[in-house]
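As structure tokens, the structure follows; a few thoughts come after it.
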Amino acid sequence: MRILILGGGGREHALAWKISQSPLCKALFIAPGNAGTEAHGTNVALDIEDNEAIARWVAGNAIDMVVVGPEAPLVNGVWDFLRQNEATKDCIVVGPSQAGAQLEGSKAFAKAFMQQYSIPTAAYREFTSEQLDQAVDYLRSEAKAPYVLKADGLAAGKGVVICEESGQAVEEMKAMLSGKFGAASSKVVVEEFLSGIEFSVFVLTDGKNYKILPVAKDYKRIGEGDTGPNTGGMGAVSPPPFVDATLMDKVEKRIIQPTMQGLQERQMPYHGFIFFGLIEVGGEPFVIEYNCRLGDPETEVVLPRLRNDLVELFVAMHEGSLDAVRIEEDPRAAATVILASGGYPGSYEKGKIITGLERVEGSIVFHAGTKRMADGTIVTSGGRVMAITSLAPDFRQAIAISNANAERIQFEGKYFRKDIGFDL
Ligand code: AMP
Ligand code: GLY
């Protein structure tokens, strides 16, 4: 098969690493990819939010399978576009339809969906810009602190704001409804605050059958001890030791199965990953959010623990035979530590030369924001620069190996959290 991966972060490098190990993969392309994905295939300069350009490239290069990494192309309808196009309609697309991607693309849609199928999640209200007065009244009288405000649409991971005081929440509400996140915040969801420990569950599904992949936990805050602003994720562990069989049984029965039922009843075509962002509150799982893709950096610990041939799983998904597949997990624990550019998640400089990669021992380095220059040097080109993944009998050993290698890699302004897994 000739396979195209859309995206260029650590998640896509991990996908390229895994897919290139499959005997079914005859040629691999990554658009746009990064300096790491080049080791597994050919990087292609393609605007992944331009459906026509993607379709033209897929048809022109006889691509059999497109694996979509990030949410934006999915919410932008790449699945539907390739299906409707005569030249690309037979291509397998790993990722949901635009209707399915609404689970991530609209928080209000996801909340109504969960309510309809009695899926445990925080209580909520939604407000549009015409309802600003009601929103303010609600925040000042009924709602309780801390206030969780969420932009309805995609806001590059920045659309959730948690306020301690009602005055602050009112200001935030006004800013959001008047366009702080553009059209994405023309509607705002206000949620009850849930207090507990978060974890990430991924399934691969054809909209009917599903398989649960290794469970993970990511560390979203920039600072040690889970302090400071949210980032895309600064590290991850798989499996999180507190997620036992009893908890997973509840997740499956109360969350995954009703979600499948909803996809079917509402006839939302879904052939790809569902990422359940969950929180355990007093032993019970609740959905914090749905995503229509794999997580980053969770993928960098999930795929190294998956023993199955990933391309075989994608083919089974396409053929509707996932129920016949058995997921094989590496019993070892995996941990990943993100090296970030100084200043991230605020502003940061790019173009810093990265050295020491040849000194890494016993870890897999997944590139994220990196670029290879004409003279061969690798430089930083993003906030999250690379993910250092290690496997070991126990997650603490895995973290120690990743941390040691994180020290060996050098670039100006390098920052990483040394406390991944601190709360486990
Ligand atoms: P998101 O951008 O949707 O991943 O949300 C960012 C983070 O906000 C989540 O990972 C949680 O830590 C936090 N969060 C979102 N919703 C809630 C909630 N209802 N209660 C507590 N924390 C929340
Ligand atoms: N690590 C969380 C996410 O990918 O959204």
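Everything in the sequence shown is counted per numbering that gives the first Met the number 0, starting at 0 for the first residue and increasing by one.
Note that beta-carbon positions come from the ideal geometry of N, C-alpha and C, so glycine has one too.
When DSSP assignments are scanned along the stretch 123-170, the uninterrupted stretches of alpha helix (DSSP H) that are 4 or more residues long and fall wholly within it turn out to be 131-139.
Excluding the 5 residues flanking it on each side, Gly232 has same chain C-beta neighbours closer than 8 Å at Asp217, Tyr218, Lys219, Gly294, Asp295, Pro296, Glu297, Ile337 and Arg383, in chain order. Around the CB of Arg325, fewer than 16 other CB atoms lie within 10 Å, so the residue is classed as exposed.
Around ligand 2, the residues selected by a Cβ distance under 5 Å to any of its heavy atoms are Asp217, Gly232, Gly294 and Asp295, following chain order. Taking C-beta atoms as the reference points, Pro72 and Ile47 count as a pair closer than 8 Å. When Gly261, Ile387, Pro228 and Gly355 are compared, the shortest CA-CA separation from Lys110 is found for Gly261.
In this structure, the C-beta of Leu193 approaches ligand 1 to less than 7 Å from one of its heavy atoms. Our two residues, Arg358 and Glu406, have alpha carbons roughly 10 Å apart in a direct line.
Sixteen is the threshold: since fewer than 16 other Cβ atoms of the shown chains lie within 10 Å of the Cβ of Asn60, the residue is exposed. Apart from sequence neighbours up to five positions away, the residues of its chain that approach Met259 with a beta-carbon distance below 8 Å are Thr204, Gly206, Lys207 and Tyr209, ordered along the chain. Of Gly32, Pro392 and Ile161, the smallest CA-CA separation from Ser194 is found for Ile161. When DSSP states are grouped into helix, strand and coil, Val324 belongs to the coil group. According to DSSP, residue pairing for Arg371 in a beta bridge involves Ile377.
In the displayed model, Ser346 falls within coil according to three-state DSSP, outside both helix and strand. Each residue's CA atom was taken as its position, placing Leu212 and Ile398 some 21 Å apart.
According to DSSP, Phe272 shares a beta bridge with Leu203. Boundaries of the beta strand (DSSP E) around Ser389: Arg383 to Ala391. With a 10 Å radius around the Cβ and a threshold of 16 neighbouring Cβ atoms, Met316 comes out buried. Non-local beta-carbon contacts of Gly178 in its own chain, meaning distances under 8 Å to residues more than five positions away in sequence, involve Ser184 and Ser185 in chain order. For Ser96 against Trp78, the beta-carbon gap comes to about 5 Å, under 8 Å, which counts as contact. The stretch 82-89 makes no contact with the stretch 127-146, as fewer than three CB pairs between them are under 8 Å. Per DSSP, the beta-bridge partners of Thr226 are Gly222.
Of the candidates Ile2, Ala13, Val43 and Arg55, Ile2 places its Cα closest to the Cα of Lys25. When beta bridges are read from the DSSP output, Ser237 appears opposite Ala333.
Val188 sits close to Tyr123, with the two beta carbons spaced by under 8 Å. By the criterion of a C-beta distance shorter than 8 Å, Leu81 is surrounded in its chain by Asn50, Ile53, Ala54, Val57, Val65, Thr87, Lys88, Cys90 and Val92, once the five residues flanking it on both sides are discounted. The residue from Asp418, Gly6 and Asp422 with its alpha-carbon nearest to that of Gly222 is Asp418. With fewer than 16 neighbouring CB atoms inside 10 Å of its own CB, Gln115 falls in the exposed class.
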